[in-house]
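A.B. asks:
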Amino acid sequence: MLGDEILAVTLQDRAAGLRLDRALAEALPELSRERLKTLIKGGRVADAAGNVLWDPSAKAVAPATLAVRLPAPAPAHNVAQDLELVIAYEDEHLIVVDKPAGMVVHPAAGNLDGTMVNALLHHCAGQLSGIGGVARPGIVHRIDKDTSGLIVAAKHDKAHEGLAKQFAAHSIDRRYLAIATGRPMPANGTVDAALGRSITNRKKMAVVAEGRGKHAITHYRTIEPLKNATLVECRLETGRTHQVRVHMAHIGHPLVGDPVYGRAKKPLSDTLKARNFVRQALHAAHLGFIHPVTGNRIALDSELPADMRELIEELRV
Numbered sequence: 370m371l372g373d374e375i376l377a378v379t380l381q382d383r384a385a386g387l388r389l390d391r392a393l394a395e396a397l398p399e400l401s402r403e404r405l406k407t408l409i410k411g412g413r414v415a416d417a418a419g420n421v422l423w424d425p426s427a428k429a430v431a432p433a434t435l436a437v438r439l440p441a442p443a444p445a446h447n448v449a450q451d452l453e454l455v456i457a458y459e460d461e462h463l464i465v466v467d468k469p470a471g472m473v474v475h476p477a478a479g480n481l482d483g484t485m486v487n488a489l490l491h492h493c494a495g496q497l498s499g500i501g502g503v504a505r506p507g508i509v510h511r512i513d514k515d516t517s518g519l520i521v522a523a524k525h526d527k528a529h530e531g532l533a534k535q536f537a538a539h540s541i542d543r544r545y546l547a548i549a550t551g552r553p554m555p556a557n558g559t560v561d562a563a564l565g566r567s568i569t570n571r572k573k574m575a576v577v578a579e580g581r582g583k584h585a586i587t588h589y590r591t592i593e594p595l596k597n598a599t600l601v602e603c604r605l606e607t608g609r610t611h612q613v614r615v616h617m618a619h620i621g622h623p624l625v626g627d628p629v630y631g632r633a634k635k636p637l638s639d640t641l642k643a644r645n646f647v648r649q650a651l652h653a654a655h656l657g658f659i660h661p662v663t664g665n666r667i668a669l670d671s672e673l674p675a676d677m678r679e680l681i682e683e684l685r686v
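Sequential numbering from 370 applies to the sequence shown in the numbering used here.
(1) How many angstroms separate the CA atom of His529 from the CA atom of Lys596?
(2) Taking its Cβ as the centre, do 16 or more other Cβ atoms sit within 10 Å of Ala668, making it buried, or is it exposed?
(3) From the DSSP output, in three-state form, read off Thr407 for me.
(4) Excluding the 5 residues preceding and the 5 following Lys514 in the sequence, name in chain order all residues of the same chain whose CB lies nearer than 6 Å to its CB.
(5) Within the same chain, show all residues whose beta-carbon is closer than 6 Å to that of Arg388, passing over the 5 residues directly before and after it, in chain order.
(6) Using a Cβ-Cβ cut-off of 6 Å (strictly less than) and excluding sequence neighbours within five positions of Val576, which residues of its own chain qualify?
(7) Nearest to His611 by alpha carbon, out of Thr591, His652, Val647, Phe646?
(8) Express the C-alpha separation of Ala470 and Val486 in angstroms, rounding to a whole number.
(9) Taking 8 Å as the threshold (C-beta atoms), are Val414 and Val437 in contact?
(10) Distance check for Ala396 and Gly495, CA to CA, integer angstroms please.
(11) What is the residue span of the alpha helix (DSSP H) that Ala675 lies within?
(12) Kindly confirm or deny that the region 584-603 and the region 516-524 touch, where touching means at least three C-beta pairs closer than 8 Å.
(13) With DSSP as the reference, identify every bridge partner of Ser517, one or two as the case may be.
(14) When you compare each of Gly499, Gln535, Ile500, Val430 to Pro661 by their alpha carbons, which one comes out closest?
(15) Using the three-state DSSP reduction, which class does Asp670 fall into: helix, strand or coil?
(16) Suppose the cutoff is 7 Å on Cβ atoms and the five residues either side in sequence are ignored; what does the same chain contact list for Val647 look like?
(17) With 16 as the cutoff for other CB atoms within 10 Å, does Val455 come out buried or exposed?
(18) Closer than 8 Å by C-beta to Ile681: which residues in its own chain qualify, once you throw out the five before and the five after it? Chain order, please.
(19) Ignore the nearest five residues each way along the sequence and tell me which others in Pro553's own chain have a CB closer than 7 Å to its CB.
(20) What number of angstroms, rounded off, separates the C-alpha of Thr516 from the C-alpha of Ile659?
(21) Quick one, are the C-beta atoms of Asp382 and Ala431 less than 8 Å apart?
(22) How big is the Cα-Cα spacing for Ala556 and His616?
(23) Given a threshold of 16 other Cβ atoms within 10 Å of its Cβ, counted over all protein chains shown, does Asp609 qualify as buried or as exposed?
(24) I'd like the list of long-range same chain contacts for Gly501, defined as Cβ closer than 7 Å, with 5 residues on each side in sequence excluded.
(25) What runs of the beta strand (DSSP E), each 3 residues or longer, lie entirely inside the region 561-643?
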């Protein structure tokens, strides 16, 4: 079909026997399993001999090279909007945005405009990778609406694929600063606990048995003890949905202000900022990666936003 993009995907030995959609999802982390399932059912996946593979649940044969035909991106229904963006880094291949808390990354039900994608469409004048589809052009990863900090977007597919491979290999250096309730003991440690959808609330993530969810590891260290709270740095070895929030809650130290996972055993000091802090106190403070085109090492830092700085001041011992 005119305009289609064909991806050559190599399935390694370890993919043998997996469901086809799962094997492809592991080989193409930039595409969701649901999208790959749709592509398979639509006759858009074929083996090296050109035989179309129609069944997402069929067992994958590996090693093998498959062809995945991506339809050309439909005309974006997203509108370009002239919204303020704080740019931490930009070149012709990618852009790193220092996102404020409250800004949604990509349009979805309830947030159809005013998002980072709307701002990028205007700022980049249409030069964004099409891999993410109409709703998520250029988006390689995401951070929550009420989490502030650094997020990278790709301007073309080569950059997108290069960054996605680094995220899949867990070689991206992602460090968050967070204000956790209580005092983690030990002061520095590692949370190694798989994450999956909560069985009681599908909108929430939860620690689940290994094998039922995705492997997840967070390394944390104490930066500063506060009044009934602690400023911690969390380094992600993996990058799962709500990972820092769920892992810190799992060890008994949910983040200050977290509306979903924040049930502190010991309340914070009754200060104005502590009472009125209405978002999770979480900031994507450092982002490091190998530039997917130049091969240079990129390392960026973002200062804590004013609301977290003010909260820390009020909670200082």
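Backbone N, C-alpha and C define an ideal beta-carbon position, used for all residues, glycine too. If you're wondering where the values come from, they're calculated on a predicted model, not measured in any experiment.
C.D. replies: With the given structure in hand:
(1) Reading the sequence shown from its first residue, position 160 is the one you call residue 529. Reading the sequence shown from its first residue, position 227 is the one you call residue 596. Taking the straight line joining both Cα atoms gives about 43 Å.
(2) Numbered from its first residue, the sequence shown carries residue 668 at position 299. Ala668 comes out exposed.
(3) To locate residue 407, count along the sequence shown from 1; it is residue 38. If DSSP states are grouped into helix, strand and coil, Thr407 belongs with the helices.
(4) For this step, residue 514 is matched to residue 145 along the sequence shown. Excluding positions up to five away in sequence, the list reads Val473.
(5) As a first step, residue 388 must be located in the sequence shown, where it is residue number 19. These residues qualify, in order along the chain: Ser426.
(6) Position 207 of the sequence shown, counted from the start, is the residue given in the question as residue 576. For Val576, where only same-chain residues beyond five positions count, the Cβ hits under 6 Å are Ala562, His619.
(7) In the sequence shown, the residue the question calls residue 611 occupies position 242. Nearest to His611 by C-alpha distance, out of Thr591, His652, Val647, Phe646, is His652.
(8) In the sequence shown, the residue the question calls residue 486 occupies position 117. In the sequence shown, the residue the question calls residue 470 occupies position 101. In a straight line, the C-alpha of Val486 is about 15 Å away from that of Ala470.
(9) For the purposes of this step, residue 437 is taken as residue 68 along the sequence shown, with counting starting at 1. For the purposes of this step, residue 414 is taken as residue 45 along the sequence shown, with counting starting at 1. With contacts defined by Cβ atoms closer than 8 Å, Val437 and Val414 form a contacting pair.
(10) Residue 495 sits at position 126 when you count from the first residue of the sequence shown. Residue 396 sits at position 27 when you count from the first residue of the sequence shown. Straight-line Cα distance between these residues: approximately 27 Å.
(11) Sequence index remark: in the sequence shown, residue 675 carries index 306 (1-based). That run of the alpha helix (DSSP H) goes 675-684.
(12) The answer is no - the region 516-524 does not touch the region 584-603, with fewer than three Cβ pairs under 8 Å.
(13) Here residue 517 refers to the residue found at position 148 of the sequence shown. Note: Ser517 sits in a beta bridge opposite His652.
(14) Position 292 of the sequence shown, counted from the first residue, corresponds to residue 661. With respect to the C-alpha of Pro661, the residue from Gly499, Gln535, Ile500, Val430 having the closest C-alpha is Gln535.
(15) Position 301 of the sequence shown, counting from 1, holds the residue named residue 670. The answer is strand: DSSP assigns Asp670 an E or B state.
(16) If you number the sequence shown from 1, residue 647 lands on position 278. Gly626, listed in sequence order.
(17) Position 86 of the sequence shown, counted from the start, is the residue given in the question as residue 455. Classification of Val455: exposed, given that the 10 Å Cβ count is below 16.
(18) Mapped onto the sequence shown, residue 681 falls at position 312. Result list for Ile681: Ile548, Glu593, Leu595, Leu600, Leu673, in chain order.
(19) The count along the sequence shown starts at 1 and reaches residue 553 at position 184. Take Pro553, set aside five residues on each side of it, and the residues of its chain with a beta-carbon closer than 7 Å to its own are Tyr589, Thr591, Thr599, Val601, Ile620, His622, in chain order.
(20) Position 147 of the sequence shown holds residue 516. Position 290 of the sequence shown holds residue 659. Going by the C-alpha atoms only, they are around 24 Å apart.
(21) In the sequence shown, counting from the first residue as 1, residue 382 sits at position 13. In the sequence shown, counting from the first residue as 1, residue 431 sits at position 62. Cβ atoms of Asp382 and Ala431: closer than 8 Å.
(22) Locating residue 556 in the sequence shown gives position 187, counting from the first residue. Locating residue 616 in the sequence shown gives position 247, counting from the first residue. Each residue's Cα considered, the two are about 15 Å apart.
(23) Reading the sequence shown from its first residue, position 240 is the one you call residue 609. For the record, residue 609 in the displayed sequence is Arg; it is not Asp. Arg609 should be labelled buried.
(24) As a first step, residue 501 is located in the sequence shown; it is residue number 132 there, counting from the start. Here the set comprises Gly507, Ile508.
(25) 564-566, 574-576, 586-595, 598-605
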